[in-house]
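Report on the structure given below.
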Amino acid sequence: MSQSQQQPALSKCPGCEEPPAAGDLFCGACGYDLSAVPARPGDRPTMAITVPPAAPEAAGAEAVRWPAAAETDSSDVPAPVHRPSDLPGTDSGGRPLAEQEQVQEQVQEQVQEPGTPGTPVGSWPVGPAPVGSAPVGSGPGPEPLGAPEPSAAAVRHDDRADPDAAEHSGDFALAAPDPRTAEHAAAAAPAAGGKVCVACRSGRVDPDGYCENCGHAQPRERDHMEQELDAVAAVSDRGLRHHRNEDSFAVSSTALPDGSPAVVAIVCDGVSSASRPDEASAAAANAANESLLESLPRGTHPQQAMHEAIVAASEAVNALAQEPAGAMEHDAHRHQNAPACTLVGAVMAGELLIVGWVGDSRVYWVPQDRSRPTARLTEDDSWAAQMVAAGLMNEAEAYADERAHAITGWLGADAYELEPHTAAFKPDRPGLVVVCTDGLWNYAESAEEMAAAVPADAQEHPLRGARVLVGHALDGGGHDNVTVALLPFAVRPQGAGSACETV
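One point on numbering: in the working numbering, the residue at position 195 of the sequence shown is 183, and numbering is uninterrupted.
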């Protein structure tokens, strides 16, 4: 409903509804300026108020006497319109005010009943209250009719922020429902087993990861992951700079043919410059873990099982690039930038510790007796490692170069050649195996620095120790995704020396 700026002719006075004489600029009854557009009501919801017609005056009843309307001043501002509520005692129909309250209750019941003729909810007419209607908001007493209940359905309002834009809309804007109301919260409440918003803790999370109640984006499941078994624990975190977690891990345990336990930890780091690195790391970790759980119970030597697991992980990542041409139309460079990741893993089987890797993720050995020497058990497939191995730079110079972390080996369809590295160790003392991505060892690069970051009770509480190490990386800046798995290695002291076999 819109209002025009000028009104060429009026059939009745907007103030007192008396028909004006032809050519009158002011109402002869109330003095209303007939050339002015009636002022909009105040900023409040308006309701249709239906009141029975006024009853004929009873015999002997004193006629209602209206106060004289004031004249308009020099600014042509219309004089205020007097309402029946301005007169004490009785209304314009001659009824006592006590009866007005009953009329108000009847009107309120008609308004609240959906489908009541003449009172359509959501489309209340706008305009001055007719003369003879019940008083609205006239001093102390019951609350004005039309005041919406907090949980009432959305109603149209007669206020507009932009009158010019509203003039062309042809309707009044609906008031947005308050998400905090009981009705809206009940509608947005999650079904049994559904996800609850972490922000408002009441709304349902839609398939896109946004709350249907407050619109808050939910953290992804992979932003922070934790898993703990009897003999291994792992934690992965998105970090503070990346928009998603491109790391992945898999931890498990099984039994060898002789019944002795075997514990597995696989950690993968997606290559950010490749497409879908998060999918690549997840596929590699799952494939390697499944391969080890299948081959170890058959009696395959753990070192050979690790080699086969890396090959299986490589095939799983390669398969991600084998998609129909139509699936790659939105990414013209995907065929040149296949999904890729690094992999590092450790297997504790019997008295052996088997490690395997491709890329720059690492395995550290931290003895339980911190007075004993620590060690890094892997060598990076990186530009810096190649420079050091070739004798062209020392380690400090190589890792200070901006090309230091450029990897020379990875899993992916565009890898030059797959060269899995495996090594077997036989520790002679208890200790802790740290399997991690560069998101952690960037903040504890040397074996001594890593040992200093590992809490003293990590052997007994590996999950707590993994959390502490992730926190160490976040406190250092969290520039990358952080993933670490801890495997406590418990053996009886057997004297000096340890066996080591590398491939």
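Every residue gets a Cβ at the ideal spot worked out from N, C-alpha and C, and that includes glycine.
Given residue i as reference, the closest of the options once Cα atoms are compared
i	options	result
E200	P207, V184, H212 and M213	V184
H295	V343, A205 and N274	V343
E216	A473, A478, F477 and V479	A473
H204	R192, A253, N382 and M213	R192
V335	V223, C18, A412 and L451	A412
C188	G333, R364 and C202	C202
S349	G19, D368, A478 and V252	D368
E234	E436, N325 and C256	C256
L406	P415, K414 and T396	T396
R208	L244, D266, V252 and H449	D266
E448	D426, P418 and Y352	P418
H393	A461, S(-1), T330 and V299	T330
P245	V458, G338 and I298	G338
N430	R452, R264, L457 and D416	L457
Y352	K0, T242, P415 and P285	P415
Within 7 Å, strictly: CB atoms of residue i and residue j
i	j	result
A328	A373	no
T362	A439	yes
P476	L428	no
H289	W345	no
D225	H212	yes
S236	S269	yes
R499	A435	Nothing about residue 499 can be read from this structure; the chain reaches only from -11 to 491.
A253	A454	no
A326	A273	no
A386	V376	yes
L281	A297	no
Three-state class that DSSP yields for residue i in the structure shown
i	result
Q(-7)	In this prediction, Q(-7) scores a pLDDT of 43, lower than 50, which makes its location untrustworthy; the coordinate-derived value is nonetheless stated afterwards. Looking at Q(-7) - three-state DSSP - the assignment turns out to be coil, as it is neither helix nor strand.
F477	strand
D357	coil
D21	strand
P8	coil
C1	coil
M381	coil
V184	strand
Y387	helix
A154	Legend: pLDDT at A154 = 44, less than 50; position of this residue unreliable, no value from coordinates given.
V346	strand
H212	strand
R192	strand
G338	coil
R229	coil
A328	strand
P40	Low local confidence applies: a pLDDT of 48 at P40 is under 50, so the model's placement there is unreliable, with the coordinate-based value given in what follows. P40 falls in the coil class under three-state DSSP.
V255	strand
R417	coil
G453	helix
R264	coil
D426	helix
Rounded straight-line distance, which links the Cα of residue j to that of residue i
i	j	result
F14	E5	13 Å
A271	A307	9 Å
W398	A275	15 Å
S190	Q206	13 Å
V470	A250	25 Å
A432	A441	7 Å
E512	A309	As shown, the chain starts at -11 and ends at 491. That puts residue 512 outside it, with no answer to give.
V332	A238	11 Å
V186	V223	21 Å
D357	V479	13 Å
D218	A384	39 Å
R210	S260	16 Å
T34	D21	For T34, the predicted structure reports a pLDDT of 42, less than 50, and the residue's modelled location is therefore unreliable. A value from the coordinates is still provided. Taking the straight line joining both Cα atoms gives about 24 Å.
E214	L380	41 Å
T242	G287	12 Å
A1	C18	Going by the sequence as given, residue 1 is Cys instead of Ala. Whole-angstrom Cα-Cα distance: 9 Å.
R452	A446	7 Å
R391	Y404	19 Å
Per the contact definition of three or more C-beta pairs closer than 8 Å, is the region 221 to 234 in contact with the region 458 to 465?
yes
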